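Chemist: Structure incoming, see below.
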Amino acid sequence: MLAIHRGLFFMSMRTTEARQLLPDAWGFVCPVHTPDGSPCGLLNHLSASAQVTPFLDRKQTEKLPHVLENCGMRSVTDIPLPNDVYMYPVFIDGRLVGYLPEDTAHKSMAYVRTLKVMSEDVPITTEIVLVPKIQVPAQYAGVFLFTTEARMMRPVINLATGQLELIGTMEQLYLDIAISQNEIIKGKTTHLELSNNMYQCQMGKQTMGTPIHTWGTNAETKLYRLQTGATPLATTWKTL
1 MLAIHRGLFF
11 MSMRTTEARQ
21 LLPDAWGFVC
31 PVHTPDGSPC
41 GLLNHLSASA
51 QVTPFLDRKQ
61 TEKLPHVLEN
71 CGMRSVTDIP
81 LPNDVYMYPV
91 FIDGRLVGYL
101 PEDTAHKSMA
111 YVRTLKVMSE
121 DVPITTEIVL
131 VPKIQVPAQY
141 AGVFLFTTEA
151 RMMRPVINLA
161 TGQLELIGTM
171 EQLYLDIAIS
181 QNEIIKGKTT
191 HLELSNNMYQ
201 CQMGKQTMGT
211 PIHTWGTNAE
221 TKLYRLQTGA
231 TPLATTWKTL
């Protein structure tokens, strides 16, 4: 299991902001497996399905600008740009490569995402982020594609293709991902979470409940069972 340490500097800080698990870490960092004491929240572990992206050869990413141009992107060399429609700036690994019209941006990115899932001209480890333009101060609007190494990605089900797709930490913030099939909203939900397993506690000495009643037929390889109940030291009016 891969470990993540945010740095010894934060261990001496009084604030707990560095120890908090933010929404963009959902599915990437295990919310349970962290030690007690001073490293709590600073020493975390990757989830079982999360993976770190490898280095990609330049030949695997050189077709990305051409793919985006086929989707309607105007190259940075195309001057002047039209003024009648808002144009999203398009970045590949932090490099400005062109501009994409606002009215076709979502459809274009959906097509690029399909190519990514099919592994056609777009590497499967590409992170595709469309930050929409809104009327309140927020994150800089634009289209951001990341292909560099050492990024965290995890698999989800792409509902448009029915296949697994790797998504990144920034990417999942702008996707509509359903936890279960009952939460899928037609025309809005884009992805579906995989079935996740989480141990009920980190240490055997901690308090445990009884999560299932089918002990004889259950296929779990590691599951704690509390056979002897404990009596509280204090009694309240509600327990009388």
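Under the UniProt record's numbering, think of the first position of the sequence shown as 1, with each following residue one higher.
Just so it is clear, CB atoms sit at the ideal spot from N, CA and C, and this is done for glycine as well.
In this text the structure is predicted, and so the values were computed from the model without any measurement.
#1: Is CYS40 near the ligand ZN, in the sense that its beta carbon is under 8 Å from a heavy atom of that ligand?
#2: If we count the other Cβ atoms within 10 Å of its Cβ and call it buried at 16 or more, is ARG154 buried or exposed?
#3: Taking the continuous beta strand (DSSP E) assigned at ASN158, which residues delimit it?
#4: What are the boundary residues of the alpha helix (DSSP H) that ARG95 is part of?
#5: Just curious, the beta strand (DSSP E) that GLN163 is in, first and last residue?
#6: Note down, in chain order, each residue of its chain lying with its Cβ closer than 6 Å to the Cβ of VAL29, except the 5 sequence neighbours on either side.
#7: Could you give the distance in angstroms between the alpha-carbon of PHE9 and the alpha-carbon of PRO39?
#8: Kindly identify the DSSP beta-bridge partner or partners of GLU193.
#9: Considering only the alpha carbon of each residue, which of HIS66, SER49, ALA3 lies closest to PRO35?
#10: State yes or no: is the C-beta of TYR99 within less than 9 Å of the C-beta of TYR111?
#11: In three-state DSSP terms, what is GLN60?
#12: Can the beta-carbon of LEU96 be found less than 9 Å from the beta-carbon of THR147?
#13: Roughly how many angstroms lie between the CA atoms of ILE177 and THR235, to the nearest whole one?
#14: Does the beta-carbon of LEU194 have 16 or more other beta-carbons within 10 angstroms, so that it is buried, or is it exposed?
#15: Expressed to the nearest angstrom, what Euclidean distance is found between the alpha-carbon atoms of GLN139 and SER12?
#16: If contacts are defined as beta-carbon pairs under 8 Å, then MET170 and ASP24 qualify, I think. What distance do you get, rounded to the angstrom?
#17: Taking just the CA atoms, how far does GLU127 sit from LEU115?
#18: Rounded to the nearest angstrom, what separates ASP93 and PHE144 at their Cα positions?
#19: Just the Cα atoms here: how many angstroms apart are ASN83 and GLU120?
#20: What's the C-alpha gap between ASN196 and LEU166?
#21: Under a Cβ-count criterion, where at least 16 other Cβ atoms within 10 Å of its own Cβ denotes burial, should VAL85 be classed as buried or exposed?
#22: Which same chain residues end up closer than 7 Å to ALA150 when comparing Cβ atoms and leaving out the 5 residues on each side of it in sequence?
Modeler: The relevant details are as follows:
#1: Among the ligands in the structure shown, none appear at all, so the ligand ZN cannot be discussed.
#2: buried
#3: 152–158
#4: Careful: ARG95 lies outside any alpha helix (DSSP H), inside the beta strand (DSSP E) at 95–101.
#5: 163–168
#6: If we look at VAL29 and ignore the five residues flanking it on each side, its Cβ neighbours are ASN44.
#7: Between PHE9 and PRO39, the C-alpha separation is close to 11 Å.
#8: Checking the DSSP bridge columns, you'll see GLU193 has no partner listed.
#9: ALA3
#10: no
#11: If DSSP states are grouped into helix, strand and coil, GLN60 belongs with the helices.
#12: no
#13: 44 Å
#14: exposed
#15: Distance between the alpha carbons of GLN139 and SER12: 31 Å.
#16: The Cβ separation is near 7 Å, so the contact holds.
#17: When only Cα atoms are considered, LEU115 and GLU127 end up about 12 Å apart.
#18: 8 Å
#19: Straight-line Cα distance between these residues: approximately 33 Å.
#20: 16 Å
#21: exposed
#22: VAL52, THR53
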